[in-house]
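Trainee: Note that the protein sequences, when read in sequence, are chains A and B.
So for the first sequence, the working numbering puts the first residue at 142; every next one is plus one.
So for the second sequence, the working numbering puts the first residue at 503; every next one is plus one.
Glycine included, C-beta positions come from ideal geometry on N, C-alpha and C.
Remember, predicted model here, so these are calculated numbers, not experimental data.
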Amino acid sequence: MTLNNEAVLALAPDAASASAARALVSPGKWPLLGRNDGAVWGECKGSGAKPYQTQVDLRASAPAFRCSCPSRKFPCKHALALLLLCAQQATLFTIGEPPAWVAEWLLSRDAKEEKQAAKAAAPRSEEASAGSAEKSRQRAGQRWEKLENAARELSIWLHDRLDQGLGMLGPAQMGDWQAQAARLVDAQAPGLAARLLEAADGIRQGEDWPERLLQRLGGLYLWCLAMARRGELSEETQGALRSVAGWPFEKAEILATGEQLRDSWSVVGIAQEEVDGKLLERRVWLQGAQSGQRALLLDHAYGGRGFAEPWLGQTAFAGTLAFFPDASGRALVLSQEGGAQMQWPSTTPEQEWDAQAQALARSPWLRWQPLIAAAATPFLRDGRAYLAWGDYCLPLLLGERDQWTLLACSGGHALKLMGEWDGHALHPLSAEGADGRWQRSLA
Amino acid sequence: MSLWAELIPAAMVGTARQMPPLPGTAGEIGETLQAAHAAAPAAAGKLLGMAAVLATCGRAAGPQPAPGEYGAAADSESLPAIAEPALLALLPWLLQEAPLRLQQLVFIDFAGQGRRLPYAMLPAALELARANVALREFIQPLLGARGRWLAGQNPAWRFAAGVGESAPEAVLWSEGSTAQRCALLRAERQRDPAAGRERLVATLAELHARERGELLAELIHGLQLADEPLLLDLLRDRAREVRDIARTLLLRLPDGEFAARAGERMAVCLHQERRLLRKVWLLEAPEAFVPAWANDGLVADRPKNDSLGERAWWLYQLARQLAPGWWCAHTGLSPEALLHWAQGTDWVEALLRAWRETLLLTADAPWVEAMLAVLPAKLLPPAAAAELLALLPCDKREKYWLASLRELPETADPLLLVLPKILVAHEPGAMLSAGFSADLLAHLVAHAERQTTQAYQQRLWLLDLSCIIHPTVLPQLLDVFGPSLAGTPWLHAFEQLLRTRQALGR
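1) Under 9 Å between the Cβ atoms of B:ASP867 and B:SER836?
2) Taking CB distances under 9 Å as the criterion, tell me whether B:ASN634 reaches chain A.
3) Compare the C-beta of B:THR517 with all C-beta atoms of chain A and state if any pair is closer than 9 Å.
4) Going by the DSSP bridge assignment, what does A:GLY347 pair with across the sheet?
5) Quick check: what's the CA-CA separation for A:GLN314 versus A:THR489?
6) Compare the C-alpha of B:PRO826 against each of B:LEU589, B:GLU812, B:LEU779, B:LEU841 and name the closest.
7) Output the distance between the C-alpha atoms of A:PHE215 and A:LEU303, rounded to the nearest integer angstrom.
8) In the DSSP assignment, find the beta strand (DSSP E) that holds A:LEU473 and state where it starts and stops.
9) Please state if the CB of B:GLN605 and the CB of B:LEU630 are separated by a distance shorter than 9 Å.
10) If the cut is a Cβ gap below 7 Å, which residues of chain B does A:PRO505 touch?
11) Can you give me, in chain order, the residues of the region 642-659 of chain B that have a beta carbon less than 7 Å from any beta carbon in chain A?
12) How big is the Cα-Cα spacing for A:ARG503 and B:PRO511?
13) Which chain A residues are close to B:TRP997, counting only those with a beta carbon under 7 Å from its beta carbon?
14) Where does the unbroken alpha helix (DSSP H) through B:PRO826 begin, and where does it stop?
15) What does B:PRO525 reach in chain A if we use C-beta pairs closer than 9 Å?
16) When Cβ atoms are compared, which residues of the region 952-984 of chain B fall closer than 9 Å to chain A?
17) For A:GLY360, I'd like the list of residues in its chain whose CB is within less than 8 Å of its CB, leaving aside the five on either flank, ordered along the chain.
18) CA-CA distance, B:ASP981 and A:GLN194?
19) Whole angstroms is fine: what's the gap from B:TRP843's alpha carbon to B:VAL608's?
20) How far does the alpha helix (DSSP H) with B:LEU840 in it reach, from first residue to last?
21) For A:ALA463 versus A:ILE395, is the C-beta spacing smaller than 9 Å?
22) Between which two residues does the beta strand (DSSP E) holding A:ILE395 run?
23) Might you give, ordered along the chain, the residues of its own chain that have their beta carbon closer than 6 Å to the beta carbon of B:ILE584, omitting 5 neighbours on each side?
24) Residues in the same chain with beta-carbon distance under 8 Å from A:LEU420, minus the five sequence neighbours each way, listed in chain order, please.
25) Can you have a look at A:ILE236 and say buried or exposed, based on whether 16 or more other CB atoms are within 10 angstroms of its CB?
26) Let me see if you follow: with CB-CB separation under 9 Å, is A:ASP317 close to chain B or not?
27) Tell me whether B:GLN566 is buried or exposed, calling it buried when 16 or more other Cβ atoms sit within 10 Å of its Cβ.
28) Does the region 177-194 of chain A come within contact of the region 221-234 of chain A, defined as at least 3 CB pairs closer than 8 Å?
29) Starting from the C-beta of A:GLY577, find all residues in its chain whose C-beta is less than 8 Å away, skip the five residues before and the five after it, and write them out in chain order.
30) Starting from A:ARG542, find everything on chain B with Cβ-Cβ shorter than 8 Å and list it in chain order.
31) Could you tell me whether the Cβ atoms of A:TRP562 and A:LEU535 are closer together than 9 Å?
32) Does the region 917-925 of chain B touch the region 898-908 of chain B, meaning 3 or more C-beta pairs lie closer than 8 Å?
33) Alpha carbon to alpha carbon, how far is B:GLY649 from B:ALA663?
34) Quick one: Cα of B:ASN807 to Cα of B:ARG742, how far?
35) With a cut-off of 9 Å, does the C-beta of B:LEU550 fall near any C-beta of chain A?
36) According to DSSP, is B:GLY799 helix, strand or coil?
So this is what it looks like as structure tokens:
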């Protein structure tokens, strides 16, 4: 992993940790600092009598941390500060043999890795593998049955709601909607439950709420109709039905059935938002230079933990992606090498909208479309931000501070810009102007 | 989307009561809608099916083309941006958390080098300028074309929106920011004072009080008797700050009619008497307020709760319309002698107040020194002394402070008594001399055990002192006081400050 300020700060689980770490970046606080080829370690003066022992294993692409402080955040501020100090003032670290408490930890990590690799590579007996394949087919079949039942039930419920009419919906009816969502969760369709609750949140919000609610209910009904004719649909569409319901794919399934593509991938935008309380969702959008294909890496982090893999916007790598077999554009990174240059595609607005329509044709339930504008100008009208792009004028959704830094980057001139389109507004994630770059600040 | 409008009534009322209509539309969408309508047996199903078609097709269609008209783009830059990596890394901290004096120092330095801020820092800089009026004049030159354009986009930042430095004079005058107009007027007054005055007169009516005051203050350049009528007029302006500035300028015209009238009025109150072998001056405050005096800006009613009596109030007003030089000329006494004499009259409070105010406006150095030397602390409280001290040039100030440091009583805390005065008198961008800085540090160290001030206040002062102390002494200051800050968030601030000053080279 390359050590620089931005990369280290991207590992922070939240903004408070990042600023706490910055306050600890002073040599006076670290009586012991050392490093060797694969690891960095140090002792930090804390509030207790004994200093905290912090260590970071840098050998793999994703760093591993350990610290003796009682913080529940991961990585803690000491680990972040240690890395920042190493990035800014590497000369402070004495190069040499690690002390016992570091060497032991590294050895135990190596032992764990070997055990896991051995387990994965161990040849399973033929019957055992055949038996387990049969079992998983049975489980899949059972799950599909549950979903089909859920679809029938949801369809009846939707009919009832429309029969009664949307005009009578109010707070008193929410109990019923929540009960239906709970039934969907019981049927192992949490994704649908979430969509239903989102639709419920939109009731009587804004002037055009009936239209928006009908759109969402129409989307749910479409899923029910599709589930009823599942057998006639392609593998890919069935995959889409699964993903919408919230039935995750195993890595083995993805590798077996999904498409794999090697290309030079540019990280064109990163979005991070809180869903459901303490759960953080991160969407990393990639653009393939030769194939022109777009991909989405989706991660979640819970509680105080940071994301496992650090990603930096407006960088690039050469490697292979394995796409999920669900027409969503979601992918896994199979291999990753450095040394690629970030490239912006030069598509026209008409080409982008066309690609969007194609993607929706394969899976009508997509929430986010990645849009890339080769030349667009953000501007303000009546205090609201818009993007002038070709013949189009799109509303922009972003925080006030980001809005001003984006305008400062543009200065009224055209920019290359990437954002997520949700059907109504564009959420800009990154941009490049004639004299500098811009990225949306992470939550 | 009129197709939705056809479906919504049935949806709202309920498909049990109303059959959803089939929206009339041709083409593939129409056919798909028909298919959805036909495929579902129940009315609700028909509506849901059509909603599904419209939702998906509507989303796939994307937005309607619409014109996005926007204003002009920013001009190209004439100044280079700050590019040193060390300074760039410190800019976010500087714009948000640094002490005011350090910010002033850095901004003055950048402006002196003719640099502008990088684009990413512009919103933070404009916000800082909005919140901190004292910093506006220092930040304005650093904005560049992009910064001025950005300021024009946000009503809260309009104050910074001027025009480019290279714009023609007429444009600069009509559309520039206040700071730019002041600079233009100043330059014109230096070339052709009469033309400058005419320009100001032409625009006075449309300005509000603050701008009137700022532009009027520029008349000090090339001040001449011909300006007097305008100034007399402005003596009766609505805003007090404008009246004060007009009075300041009039005080600098000792040959004008204003000065002549003021002198006559005061001369009536003063007369000489023979006492024993000497001639002594006696002062009597006016018995009554002459109504004609109101024309020159004098006020008859004294404010409530003022410590001066009514006659003293009138005397004070008369006195403060005179330049200090008049007293020396009229009585033939030196400033020191006049101060001693004043303490012997009944009207010392009124006289001293008037003299202090006029000195703040005219900055007459011999008078300032005399006041500081002669007056006891009872008549010249430390805050007032600090204000006067600020009028002296830097080396005289430092001599005075050294003297007061040496005269500190044994148990006094130098931090509490001397440091605030030094800070109040400080000009933005200036630095204490090396010699004085070393002496000051020596005193602070020697008396470290006597420090009675609270830790928080002490740290604030030390932080401010670190902004103005000479660069050779700064590391020593941090060495001495650093250990007491270990473990507090202040240490970070001090270290950032040190890094900033090192990166700046000052």
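Mentor: Here's the rundown:
1) Within the second sequence, residue 867 of chain B is the residue found at index 365, counting from 1. Within the second sequence, residue 836 of chain B is the residue found at index 334, counting from 1. For clarity, residue 867 of chain B is Ala in the given sequence; the question names Asp instead. No; because the gap between Cβ atoms is not below 9 Å, this pair is not in contact.
2) Mapped onto the second sequence, residue 634 of chain B falls at position 132. With 9 Å as the cut-off, B:ASN634 does not count as an interface residue toward chain A.
3) As a position in the second sequence, residue 517 of chain B is number 15, starting the count at 1. At least one beta carbon of chain A lies nearer than 9 Å to the beta carbon of B:THR517.
4) Locating residue 347 of chain A in the first sequence gives position 206, counting from the first residue. In the DSSP output, where bridge partners are listed per residue, A:GLY347 has none listed.
5) Position 173 of the first sequence holds residue 314 of chain A. Position 348 of the first sequence holds residue 489 of chain A. Computed Cα separation, rounded: 46 Å.
6) Translated into positions along the second sequence, residue 826 of chain B becomes position 324. Here the closest residue by C-alpha is B:LEU841.
7) For the purposes of this step, residue 215 of chain A is taken as the residue at position 74 of the first sequence. For the purposes of this step, residue 303 of chain A is taken as the residue at position 162 of the first sequence. When rounded, the distance between both Cα atoms is 48 Å.
8) One-based indexing of the first sequence puts residue 473 of chain A at position 332. Per DSSP, the unbroken beta strand (DSSP E) holding A:LEU473 starts and ends at 472-478.
9) For the purposes of this step, residue 630 of chain B is identified with residue 128 of the second sequence, where counting begins at 1. For the purposes of this step, residue 605 of chain B is identified with residue 103 of the second sequence, where counting begins at 1. At a Cβ-Cβ threshold of 9 Å, B:LEU630 and B:GLN605 count as neighbours.
10) On the first sequence, residue 505 of chain A is found 364 positions in, with the first residue counted as 1. In chain order: THR558.
11) Answer in chain order: ARG648, TRP651, LEU652, GLN655.
12) On the first sequence, position 362 is the one that residue 503 of chain A refers to. On the second sequence, position 9 is the one that residue 511 of chain B refers to. Cα-Cα distance, rounded: 31 Å.
13) Position 495 of the second sequence, counting from 1, holds the residue named residue 997 of chain B. Sequence check: residue 997 of chain B is Glu here, not Trp. The answer, in chain order, is SER167.
14) Numbered from 1 along the second sequence, position 324 holds the residue referred to as residue 826 of chain B. Counting along the chain, the alpha helix (DSSP H) containing B:PRO826 begins and ends at 826-833.
15) One-based indexing of the second sequence puts residue 525 of chain B at position 23. Scanning chain A for C-beta atoms nearer than 9 Å to the C-beta of B:PRO525 yields nothing, as the closest lies near 13 Å away.
16) Listed in sequence order: GLY984.
17) Your numbering for residue 360 of chain A matches position 219 in the first sequence. Only residues of its own chain outside the window of five on either side were considered, and among them ARG336, PRO505, TRP506 have a CB closer than 8 Å to the CB of A:GLY360, listed in chain order.
18) For the purposes of this step, residue 981 of chain B is taken as residue 479 along the second sequence, with counting starting at 1. For the purposes of this step, residue 194 of chain A is taken as residue 53 along the first sequence, with counting starting at 1. If you draw a straight line from the Cα of B:ASP981 to the Cα of A:GLN194, it is about 28 Å long.
19) Within the second sequence, the letter at position 341 stands for residue 843 of chain B. Within the second sequence, the letter at position 106 stands for residue 608 of chain B. Counting only the Cα atoms, B:VAL608 lies some 47 Å from B:TRP843.
20) Here residue 840 of chain B corresponds to residue number 338 of the second sequence, with the count starting at 1. Per DSSP, B:LEU840 is one residue of the alpha helix (DSSP H) stretching across 837-846.
21) Against the first sequence, residue 463 of chain A aligns to sequence position 322. Against the first sequence, residue 395 of chain A aligns to sequence position 254. Yes. Within cutoff.
22) Your numbering for residue 395 of chain A matches position 254 in the first sequence. According to the DSSP assignment, A:ILE395 belongs to no beta strand (DSSP E) but to the alpha helix (DSSP H) extending over 392-398.
23) By one-based count along the second sequence, residue 584 of chain B stands at place 82. ARG617, listed in sequence order.
24) The residue labelled residue 420 of chain A in the question sits at position 279 within the first sequence. Around A:LEU420: HIS441, ALA442, TYR443.
25) Numbered from 1 along the first sequence, position 95 holds the residue referred to as residue 236 of chain A. Flag for A:ILE236 reads exposed.
26) Here residue 317 of chain A is taken as the residue at index 176 of the first sequence, counted from 1. With a threshold of 9 Å between beta carbons, A:ASP317 makes no contact with chain B.
27) The residue you call residue 566 of chain B lines up with position 64 of the second sequence. With a threshold of 16 other beta carbon atoms within 10 Å, B:GLN566 falls short and is exposed.
28) Counting Cβ pairs under 8 Å, three or more are found: they touch.
29) Within the first sequence, residue 577 of chain A is the residue found at index 436, counting from 1. Once the five neighbours on either side are set aside, the close Cβ partners of A:GLY577 are CYS550.
30) In the first sequence, the residue the question calls residue 542 of chain A occupies position 401. Neighbours of A:ARG542 in chain B, taken as residues at a C-beta separation under 8 Å, are given in chain order as PRO625.
31) For the purposes of this step, residue 562 of chain A is taken as the residue at position 421 of the first sequence. For the purposes of this step, residue 535 of chain A is taken as the residue at position 394 of the first sequence. Between A:TRP562 and A:LEU535, the CB-CB gap stays under 9 Å.
32) Three or more pairs of CB atoms, one per stretch, sit closer than 8 Å, so the region 898-908 of chain B contacts the region 917-925 of chain B.
33) Reading the second sequence from its first residue, position 147 is the one you call residue 649 of chain B. Reading the second sequence from its first residue, position 161 is the one you call residue 663 of chain B. Cα to Cα, B:GLY649 sits roughly 8 Å from B:ALA663.
34) For the purposes of this step, residue 807 of chain B is identified with residue 305 of the second sequence, where counting begins at 1. For the purposes of this step, residue 742 of chain B is identified with residue 240 of the second sequence, where counting begins at 1. Approximately 20 Å, taken between the alpha carbons.
35) Along the second sequence, read from residue 1 onward, the residue named residue 550 of chain B stands at position 48. Yes - at least one Cβ of chain A is within 9 Å of the one on B:LEU550.
36) Counting from one through the second sequence, the residue named residue 799 of chain B turns up at place 297. Note: B:GLY799 maps to coil in three-state DSSP.
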